[in-house]
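For the sequence shown, the residue numbers in full-length UniProt numbering are 1 to 801. Glycine residues also receive a C-beta, built at the ideal position from the N, C-alpha and C atoms.
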Amino acid sequence: MYNHKIIEKKWQTFWEENKSFKTTENNNKKAYILDMFPYPSGSGLHVGHLEGYTATDIIARYKRLNGFDVLHPIGWDAFGLPAEQYAIKTGNHPAPFTIKNIDNFRRQLKLMGFSYDYDKEINTTDPKFYLWTQWIFKELYKEGLASIEEIDVNWCEGLGTVLANEEIIEVNGKKVSERGNFPVIKKPMKQWVLKITEYADKLLEGLTDLDWPESLKLLQKNWIGKSEGHIVKWDIFNSNYKLETFTTRLDTIYGASMLIISPEHPLLLKITTHENKKEILDYLDVVKTKNELERTQLNKNKSGIFTGSYVIHPLTNKKIPIWVSDYVLMNYGTGAIMSVPAHDQRDFELANKYNLPILQVIEGSTLPIVEDGLHINSEVANGLNIEESKEVIYNLLKEKNIVSKKINYKLRDWVFSRQRYWGEPFPVLFDEENNIYLVKELVSLPDIDNIKPSGSTEGPLANVKSWTNVNINGKKYRHDTNVMPQWAGSSWYFLAYILKNDDGSYLPLNSEEAKERFNNWLPVDLYIGGQEHAVLHLLYARFWHRFLFDKGIVNTKEPFKKLINQGLILGPDGQKMSKSLGNVINPDGLVEECGADALRIYEMFMGPLTESKSWNTDSLNGIRRWLDRIYNTVLNLKDNIDISIKDEKLDSEINQLILDINENIEKYKFNIAISKFMVFTNYLSTLNKINSSYVIKVLAILLSPFAPHISEEFLGLIKEKPLQYQTWPFAEIDKIISKNPQIGVQINGKVRGQIEILPTWNKDDLIKNAIELPSVKKWLEDKQIIKVIYIENKILNIIVK
Numbered sequence: 001m002y003n004h005k006i007i008e009k010k011w012q013t014f015w016e017e018n019k020s021f022k023t024t025e026n027n028n029k030k031a032y033i034l035d036m037f038p039y040p041s042g043s044g045l046h047v048g049h050l051e052g053y054t055a056t057d058i059i060a061r062y063k064r065l066n067g068f069d070v071l072h073p074i075g076w077d078a079f080g081l082p083a084e085q086y087a088i089k090t091g092n093h094p095a096p097f098t099i100k101n102i103d104n105f106r107r108q109l110k111l112m113g114f115s116y117d118y119d120k121e122i123n124t125t126d127p128k129f130y131l132w133t134q135w136i137f138k139e140l141y142k143e144g145l146a147s148i149e150e151i152d153v154n155w156c157e158g159l160g161t162v163l164a165n166e167e168i169i170e171v172n173g174k175k176v177s178e179r180g181n182f183p184v185i186k187k188p189m190k191q192w193v194l195k196i197t198e199y200a201d202k203l204l205e206g207l208t209d210l211d212w213p214e215s216l217k218l219l220q221k222n223w224i225g226k227s228e229g230h231i232v233k234w235d236i237f238n239s240n241y242k243l244e245t246f247t248t249r250l251d252t253i254y255g256a257s258m259l260i261i262s263p264e265h266p267l268l269l270k271i272t273t274h275e276n277k278k279e280i281l282d283y284l285d286v287v288k289t290k291n292e293l294e295r296t297q298l299n300k301n302k303s304g305i306f307t308g309s310y311v312i313h314p315l316t317n318k319k320i321p322i323w324v325s326d327y328v329l330m331n332y333g334t335g336a337i338m339s340v341p342a343h344d345q346r347d348f349e350l351a352n353k354y355n356l357p358i359l360q361v362i363e364g365s366t367l368p369i370v371e372d373g374l375h376i377n378s379e380v381a382n383g384l385n386i387e388e389s390k391e392v393i394y395n396l397l398k399e400k401n402i403v404s405k406k407i408n409y410k411l412r413d414w415v416f417s418r419q420r421y422w423g424e425p426f427p428v429l430f431d432e433e434n435n436i437y438l439v440k441e442l443v444s445l446p447d448i449d450n451i452k453p454s455g456s457t458e459g460p461l462a463n464v465k466s467w468t469n470v471n472i473n474g475k476k477y478r479h480d481t482n483v484m485p486q487w488a489g490s491s492w493y494f495l496a497y498i499l500k501n502d503d504g505s506y507l508p509l510n511s512e513e514a515k516e517r518f519n520n521w522l523p524v525d526l527y528i529g530g531q532e533h534a535v536l537h538l539l540y541a542r543f544w545h546r547f548l549f550d551k552g553i554v555n556t557k558e559p560f561k562k563l564i565n566q567g568l569i570l571g572p573d574g575q576k577m578s579k580s581l582g583n584v585i586n587p588d589g590l591v592e593e594c595g596a597d598a599l600r601i602y603e604m605f606m607g608p609l610t611e612s613k614s615w616n617t618d619s620l621n622g623i624r625r626w627l628d629r630i631y632n633t634v635l636n637l638k639d640n641i642d643i644s645i646k647d648e649k650l651d652s653e654i655n656q657l658i659l660d661i662n663e664n665i666e667k668y669k670f671n672i673a674i675s676k677f678m679v680f681t682n683y684l685s686t687l688n689k690i691n692s693s694y695v696i697k698v699l700a701i702l703l704s705p706f707a708p709h710i711s712e713e714f715l716g717l718i719k720e721k722p723l724q725y726q727t728w729p730f731a732e733i734d735k736i737i738s739k740n741p742q743i744g745v746q747i748n749g750k751v752r753g754q755i756e757i758l759p760t761w762n763k764d765d766l767i768k769n770a771i772e773l774p775s776v777k778k779w780l781e782d783k784q785i786i787k788v789i790y791i792e793n794k795i796l797n798i799i800v801k
């Protein structure tokens, strides 16, 4: 049994003293390997965090050994609401608390042997960092992409701040803050807004060539929600007002049984009749407690109220009622829609709930009918399909001058203000007439003793009059008492790693030297992080990066070339790890007991990187025992080397291992790579002698991305140089003894067994022998084989029912 405590400490000290992972620029190929940087919470890292970090470390180490210059940095997304709330509750400043948490996170990462270049470490709360966050904001403002608007926001009185939708939960049917469970309401406020909608088409276009999961690309496309449709003007009965609706299904206009407007629509109270007003006002109070996601999701509980007013249908001249419903949003289209219950799911649910008319205008038997079909009950469009009907109806309405074509987006502009202290200050001043002036130099946070809410809709900075109020040449100005959201720093931090110098300074973002570094390192070659950032962080970062590209600052349109979302590591109870459930596993005790190498390998061996899996400490102990066996095998073989031995099988096995590990690292199949190591080391342990220490050297190098400490020790045992001076081994294909191919036998797409294909077999022989395998046979009991799919030497899939 090897002493992991001594070995791991020894090599971690060596790496630190020798700056083994310092970013180099010596080669003609580069790899920028990036983790989504963590928020340094007081609870430290848990084993779920380590999965992605281990995966990127494997790739970073593998690339270095293959002669790449590697940038593998880490930093801290250190502004945020948790630290602010801690400061308000305790009376302490959030900075020392944040630094203490960062020190703990860094200690844990070093304990795991991750090969980060700590000279590149960044911290979003460092004024040297957020000077450039402010610079980007000022450039956005100059281009008209940042402005102050009055908009509806999620206001939390208890926390004294605006919250993002992601910071809100539902408790007993009420909207409350995730932190503290304080009530949240919709409230109109003046806020900084970034006009990300101006970049909607560029963000859609940029997805095309990215090596991202298709499901993730689809999430972003749906969030942007580009749709081509029509705006139709409707005359309101007995009124001078007109109502405009947006629709992507102009072909169904004959099926419109009502118009529905948003609760925020400026005409709502103007067209509401006296007898309906109280009911409408009560409804608006309920709507204020809902966020956009809840209002638009496809749940069955649709709600609405009749306003008392009607419009005149432009083609049938019939009176159609106007309703208000919370699933119609003011910030999409015109804030009003024509409701066609027979051909829209949400309209159908609302009509059913209130027994409203349902007028079918497309052939079909089961409502709602949303697919293409021949139109009925549509006068000029009868017998036509959707696109033909749209064209005919558009031309008819065009003659009446009441229709226009319109491209719309679900994407909304980015609310960029937070009523907090602990965030990046805005680099602006307001004069007494509220004119805005950009501040050239850094605007840093004031150092205050006691952070407390302002008691108004302003942030805690409003309490610091000496900072808020500024006198320049006898004229009064004031700083913005809001700060930027936590998203700000995370929208460009991947560039900051490139700009960071060894002395802690940053190259100016807009300098020629910065441009040269960006040319060398961008884009990020591999980005790994959690699914929870699939939309907003990635969308915001892509927006800022594309803006900087348009300004000629960076050389790539997109920041992240390849992206992988790692799966969740669940607690032993099968639930997501959280402090509230008491199922969080801290890595410190596991490293103390089993070692970092065992923990790293177990994290990767649990299953495919992208899938969720449950924690099992017994399995970790099994990995530790396996490492002990490898260590003992190497100790034995290093003293039993006989150069006179010719061992063609060993030569074949070690070269096959090189090929297998290469292939599975390149495909991010780390669990399969580890299983290949297990097969090889089981074979190695059967040998009494080997003909060269080369086998140990190759094993050590191949294993080092997964278990670097013990691999360094193996190299030391055979008097070889440490890993930073080694190169990845090259497989000698001619030494590999050919074997019969093996493939997995699948039942309905799931692998249930493995079979070796003999050279004399044809397809029928293979199937006959495969279904007789005990591990396969049990899945065929009482089943009928309806199809067999065979791709030579690759797939055998037996479909049963």
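Could you check where the alpha helix (DSSP H) with Y283 kicks off and where it finishes? Here the question's residue 283 lines up with position 283 in the sequence shown. Element bounds for Y283: K277 to V287.
Please go through the same chain and pick out, in chain order, the residues whose beta-carbon is closer than 7 Å to the beta-carbon of G44, but skip the five residues on each side of it. By one-based count along the sequence shown, residue 44 stands at place 44. Answer for G44: N104, F105, Q108 and N586, listed in chain order.
Consult DSSP for W467 and reduce its assignment to one of helix, strand or coil. Position 467 of the sequence shown, counted from the first residue, corresponds to residue 467. In the structure shown, W467 sits in a helix (DSSP, three-state: H, G or I).
Can you give me the start and stop residues for the alpha helix (DSSP H) that D651 sits inside? Here the question's residue 651 lines up with position 651 in the sequence shown. From DSSP, the alpha helix (DSSP H) with D651 extends over E648 to E666.
From I74, H313 and G67, residue whose alpha carbon lies closest to that of L34: For the purposes of this step, residue 34 is identified with residue 34 of the sequence shown, where counting begins at 1. L34 has its Cα closest to that of I74, out of I74, H313 and G67.
Buried or exposed (CB count within 10 angstroms, at least 16 for buried), Y437: By 1-based counting over the sequence shown, the position of residue 437 is 437. It counts as exposed.
Name the two residues that bound the continuous beta strand (DSSP E) containing Q742. Along the sequence shown, read from residue 1 onward, the residue named residue 742 stands at position 742. Looking at the DSSP string, the run of the beta strand (DSSP E) that includes Q742 is Q742 to I747.
Can you give me the Cβ contacts of W135 inside the same chain, cut-off strictly under 7 Å, excluding the 5 residues immediately before and after it? Here residue 135 refers to the residue found at position 135 when the sequence shown is read from its first residue. Around W135: L509.
Contact the stretch 264–273 vs the stretch 321–335: 3+ CB pairs below 8 Å: yes
To the nearest angstrom, how far is it from the Cα of Y241 to the Cα of D344? One-based indexing of the sequence shown puts residue 241 at position 241. One-based indexing of the sequence shown puts residue 344 at position 344. Looking at the two C-alpha atoms, the distance is approximately 27 Å.
Given this structure, state the Cα-to-Cα distance separating T124 from E732, to the nearest angstrom. In the sequence shown, counting from the first residue as 1, residue 124 sits at position 124. In the sequence shown, counting from the first residue as 1, residue 732 sits at position 732. So the two alpha carbons sit approximately 48 Å from each other.
As assigned by DSSP and simplified to three states, the class of K138: For the purposes of this step, residue 138 is taken as the residue at position 138 of the sequence shown. If DSSP states are grouped into helix, strand and coil, K138 belongs with the helices.
Around the C-beta of T208, are 16 or more other C-beta atoms found within 10 angstroms, so that it is buried, or is it exposed? Numbered from its first residue, the sequence shown carries residue 208 at position 208. With fewer than 16 Cβ atoms within 10 Å of its Cβ, T208 is classed as exposed.
Who pairs with F670 in a beta bridge, going by DSSP? Mapped onto the sequence shown, residue 670 falls at position 670. Answer is none; F670 lacks a bridge partner.
If you compare alpha carbons, which of A55, H4, K19 and N632 is closest to I528? If you number the sequence shown from 1, residue 528 lands on position 528. Checking every option, the nearest Cα to that of I528 belongs to A55.
Based on the DSSP output, what are the partners of R295 in its beta bridges? Position 295 of the sequence shown, counted from the first residue, corresponds to residue 295. BP columns for R295 are empty, so no partner.
Quick one: using the 10 Å Cβ neighbour count with 16 as the cut-off for buried, is M577 buried or exposed? For the purposes of this step, residue 577 is taken as residue 577 along the sequence shown, with counting starting at 1. M577 comes out buried.
Within a Cβ cutoff of 6 Å, which residues of the same chain sit near D431, ignoring the five residues on either side of it in sequence? Taking the first residue of the sequence shown as position 1, residue 431 is located at position 431. Within the same chain, D431 has close Cβ partners Y477.
In the DSSP output, what is H230 paired with across the bridge? For the purposes of this step, residue 230 is identified with residue 230 of the sequence shown, where counting begins at 1. Per DSSP, T247 and K405.
Three-state secondary structure (DSSP) at W615? One-based indexing of the sequence shown puts residue 615 at position 615. It is coil, neither helix nor strand.
Cβ neighbours of R517 in the same chain (closer than 6 Å, five flanking residues each side left out): Sequence index remark: in the sequence shown, residue 517 carries index 517 (1-based). Excluding sequence neighbours, R517 sits near I498.
Backbone CA spacing between E532 and I376 [nearest angstrom]: Reading the sequence shown from its first residue, position 532 is the one you call residue 532. Reading the sequence shown from its first residue, position 376 is the one you call residue 376. C-alpha separation (whole angstroms): 45 Å.
At 4 residues or longer, what runs of the alpha helix (DSSP H) sit wholly inside the UniProt domain "Methionyl/Leucyl tRNA synthetase" (36–168)? 47–65, 81–90, 94–111 and 127–142
The beta strand (DSSP E) with D431 in it runs from where to where? The residue you call residue 431 lines up with position 431 of the sequence shown. Segment V428 to D431, the beta strand (DSSP E) holding D431.
Using the three-state DSSP reduction, which class does Q754 fall into: helix, strand or coil? Here residue 754 refers to the residue found at position 754 when the sequence shown is read from its first residue. Q754: strand per DSSP, three-state reduction.
Three-way DSSP call (helix, strand, coil) for S309 in this model: The residue you call residue 309 lines up with position 309 of the sequence shown. Of the three classes helix, strand and coil, the one that applies to S309 here is strand, per DSSP.
Since I believe T457 is in contact with Q419 (beta carbons under 8 Å), could you give me their beta-carbon distance rounded to a whole number of angstroms? Walking along the sequence shown from the start, residue 419 turns up at place 419. Walking along the sequence shown from the start, residue 457 turns up at place 457. Correct: roughly 7 Å between the Cβ atoms.
Determine the burial state of I393: buried for a count of at least 16 other Cβ atoms within 10 Å of its Cβ, exposed for fewer. On the sequence shown, position 393 is the one that residue 393 refers to. Buried: at least 16 other Cβ atoms inside 10 Å.
Neighbour-count burial assignment, Q742, 16 or more Cβ in a 10 Å radius: Within the sequence shown, the letter at position 742 stands for residue 742. Q742 should be labelled exposed.
Under the three-state DSSP convention, the category L315 falls into: Residue numbering aside, residue 315 sits at position 315 when the sequence shown is read from its first letter. Coil, per DSSP.
Does DSSP put D211 in a helix, in a strand, or in coil? Here residue 211 refers to the residue found at position 211 when the sequence shown is read from its first residue. Correct three-state label for D211: strand.
If you measure between the beta carbons of L609 and Y668, is that distance less than 7 Å? As a working note, residue 609 is residue 609 in the sequence shown. As a working note, residue 668 is residue 668 in the sequence shown. The answer is yes: Cβ separation under 7 Å.
What does the alpha-carbon distance come out to for the pair W761 and Y118? Reading the sequence shown from its first residue, position 761 is the one you call residue 761. Reading the sequence shown from its first residue, position 118 is the one you call residue 118. When rounded, the distance between both Cα atoms is 57 Å.
Could you tell me which of H4, K5, M1 and N18 sits nearest to P722, measuring between CA atoms? Along the sequence shown, one-based indexing puts residue 722 at 722. Closest by alpha carbon: N18.
Three or more C-beta pairs below 8 Å linking the stretch 252–259 and the stretch 319–329: yes
If you check the beta carbons only, do T252 and G229 fall under 7 Å apart? Here residue 252 is taken as the residue at index 252 of the sequence shown, counted from 1. Here residue 229 is taken as the residue at index 229 of the sequence shown, counted from 1. Their beta carbons are not under 7 Å apart, which means T252 does not touch G229 by this criterion.
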